[in-house]
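For reference, the structure is listed below as structure tokens.
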């Protein structure tokens, strides 16, 4: 089973946008076990699009076309594909009603072009668009490749692929039921994680196991197939247990749509613990990251950005002599910052960040030297020293995430 | 003149990485006035790569291959291209010496594979790699397409394209000298900007004018050709003057590698003015964004994250009754926050952010309602009301950038 991806759009050829759709679909297909040997991009040009379709039809079982389903004159993917296949385009009534309703509600005049978005290829399965108007299409071809047409905007393509197309692909190309699970890791690199799971990765057939690395985290996707969802999930449970035994300390959560701040805010809310921070090198980034999560106001009243030493003394009441004696990048200063922030704002937790963001060194310490302090009510304050490398943005980002992960572990104790 | 881009690498077909290289090269080619009608991706497979090269050779003047120049067994772009062209691979001595020196310095053992990175196609122009080891290649073909081979890591590809390949392309395909300029805009959308410059965009031939939109800003790239750099730059100056007259109030700076925080920190340092902030809905994001810029410590001592009302009272000494009477999302509260922050930390400028980040409304005001306050020493404090829409992350990001842009305009008065 092999599929081919053709993205349609002059804006990609001109380099105005990055082709993230191809990556999204390719990753999902890899998870499903469908091979992709070719990806291509063509502009909004019927001749060149027809050539690309013809080439793909000759070498792939499934041709996936991305984009060109919208209402403008440039959008001609459906028209070109239908013509190539010798099929008519017909109206999907529910989609047309949705478009008409939207125009009526906003009191705009609907043009003929808008109607075009409700068209699909006669004899195919129209795919509803949850977040937009253009209908998708899955066409099964008895004498050539099958065709899957998806809309260009990622906010429309992604839900349509996951909720509409993927179940159809599974049903049509696989007799088995698929289940998958994403595990998220922080504090372990991709190569170290892979080396600890080498035997599992090498032996994998069912479930399969794939690592994906971003700058500051690694995710592991487990995919199993079986005669039922329950049995597929049992296979995942068994594999996950082995993974948790080996690298569970680094696993902070599950799911594609999750993050360390989300997990930490959820834990704080569950345990009804409040938090504040005193930030030097991160200069507000820790608090801003926490506040990315809706509902944070229950557990986070505010905090301190103490970039200059004099502000550490003024706002946190840390004696200037103490900072001078111990150094600003020191365990003692991290302790004082975390404790004072916690005491002043009467929270359960106070965290502090002091270090060298770079590019220049500070107090003779190189960029990337960071002390984090963690003050918990009625407990002795702890501090830890880290040496992060690379660039200023990386050091500050890594510092924030390391602080979040420390709190997560503390809350799970 | 048309070029075709072929990215080589199974990690792109598997969706493990996004093909940002294709976008980077496509954008640069568009700026040069070189058409791109096809982009494709093939895996690390000599048969399929040869097929792709053959197809491209028949329809494009220049074939650009991205990736597959490295030291592993998967890297076979050079070998495959040379074979297709019927040419030998030869050693670039300076590149080999650089590789040998690096291995000697780090006391690692050099393998035969590492030598391969110094190979180039006999009869072509080898392109030095500033930031890595793999040599690039520009092959001029008298009986077919020309070939340009670039390394896969973006940190190697980008400087090699800009410093090595681009001058060769200009020299070989254009008799004229090119000059380009990037103007950066905030506070005006792409469609409004384009509509104010419609006549210039429609009439463009030389200089050309292209808009690029990101989520929160628009850039305009002007490219001119002439018989000398000086004359090309004169054309740019003339066009820029017209643009500045129409939309200059939204133009905050120049260059690909620039940003609103960089411009603001530069202005503050130049005028030796210090700044602090009191942040409610942005919760530290403004201060963290300022501190992305190295050297900010000269002008930014620190500030306040006052998420809860009680913390606004406690840290900023704003009477609780006043917040209750005026509302937290109000001009009066924004004024008090900006003024108090400035007074407490004795800075020249104090800025405040209070509003509704969403998703829920607050005090009966919808998500996106934002007051910004600006307190300047010895001047009356100003406030402005904004209504941003969309999501929580967008509202908070937009709030921060709007604050920065306001300060920029104030500093230029």
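Residue numbers (UniProt numbering), protein chains in the order written: chain A, 1 to 413; chain B, 1 to 413. Yeah, the Cβ is synthetic: ideal placement off N, Cα and C, and Gly gets one too.
In this structure, DSSP gives residue 177(A) an extended state, which the three-state scheme calls strand. In the DSSP secondary-structure assignment, residue 371(A) is bridged to 354(A), 385(A). Note that the C-beta distance between residue 181(B) and residue 252(B) is not below 8 Å. Residue-level contact check: residue 258(A) does not touch chain B, since none of the beta carbons of chain B fall below 8 Å from its beta carbon. Going by C-alpha positions, residue 309(B) is about 56 Å away from residue 33(B). Where residue 126(B) is concerned, the enclosing beta strand (DSSP E) starts and stops at 125-127. Under the DSSP assignment, residue 103(B) falls in the alpha helix (DSSP H) whose first and last residues are 93-105.
Along the stretch 29-44 of chain A, going in chain order, the ones with a CB nearer than 8 Å to a CB of chain B are 29, 30, 36, 37, 38, 39, 40, 41, 42, 43. Counting of Cβ neighbours within 10 angstroms places residue 242(A) among the exposed residues, the total staying below 16. With a contact defined as Cβ atoms closer than 8 Å, residue 147(B) and residue 63(B) qualify at about 5 Å.
Of the candidates 157(B), 391(B), 303(B), the residue whose Cα lies closest to the Cα of residue 358(B) is 391(B).
Residue 277(B) is positioned such that its CB atom lies no closer than 8 Å to that of residue 331(B).
Here DSSP, grouped into helix, strand and coil, assigns residue 216(A) to coil. Among the CB atoms of chain B, none fall inside 8 Å of the CB of residue 398(A).
Comparing alpha carbon positions, the residue from 381(B), 31(B), 82(B), 202(B) closest to residue 139(B) is 82(B).
Closest in C-alpha terms to residue 302(B), from the list 293(B), 258(B), 287(B), comes 287(B). Burial check for residue 31(A): the Cβ neighbour count within 10 Å reaches 16 or more, so the residue is buried. Apart from sequence neighbours up to five positions away, the residues of its chain that approach residue 88(B) with a beta-carbon distance below 6 Å are 122, ordered along the chain. The Cβ atoms of residue 344(B) and residue 333(B) do not sit closer than 8 Å to each other. By the neighbour-count definition (other C-beta atoms within 10 Å, threshold 16), residue 225(A) is a buried residue. When C-beta distances to chain B are compared with 8 Å, every residue of the stretch 75-108 of chain A stays at or above that value. In the DSSP assignment, residue 16(A) falls outside any beta strand (DSSP E), carrying neither H nor E.
Burial check for residue 73(A): the Cβ neighbour count within 10 Å stays below 16, so the residue is exposed.
Per DSSP, residue 67(B) is not a residue of any alpha helix (DSSP H), being assigned neither H nor E. Around the C-beta of residue 117(B), 16 or more other C-beta atoms lie within 10 Å, and the residue is accordingly described as buried. When C-beta distances to chain B are compared with 7 Å, every residue of the stretch 331-342 of chain A stays at or above that value. When Cβ-Cβ separations below 8 Å define contact, residue 14(A) makes contact with chain B.
As the crow flies, the alpha-carbon of residue 399(A) is around 38 Å from that of residue 36(A).
Taking a Cβ-Cβ threshold of 9 Å, the residues of chain B close to residue 294(A) are 357, 358, 359, 360, 392, in chain order.
Membership of residue 138(A) in the beta strand (DSSP E) is indicated by the continuous run 136-139.
Residue 230(B) counts as exposed, since fewer than 16 other C-beta atoms from the protein chains shown sit within 10 angstroms of its C-beta.
Here DSSP, grouped into helix, strand and coil, assigns residue 121(B) to strand. A straight line joining the alpha-carbon of residue 311(A) with that of residue 65(B) spans about 54 Å. Put simply, the stretch 187-198 of chain B does not touch the stretch 155-162 of chain B. Fewer than three CB pairs are less than 8 Å apart. With a threshold of 16 other beta carbon atoms within 10 Å, residue 205(A) falls short and is exposed. Counting C-beta atoms within 10 angstroms of its own C-beta, residue 4(B) has 16 or more neighbours from the protein chains shown and is therefore classed as buried.
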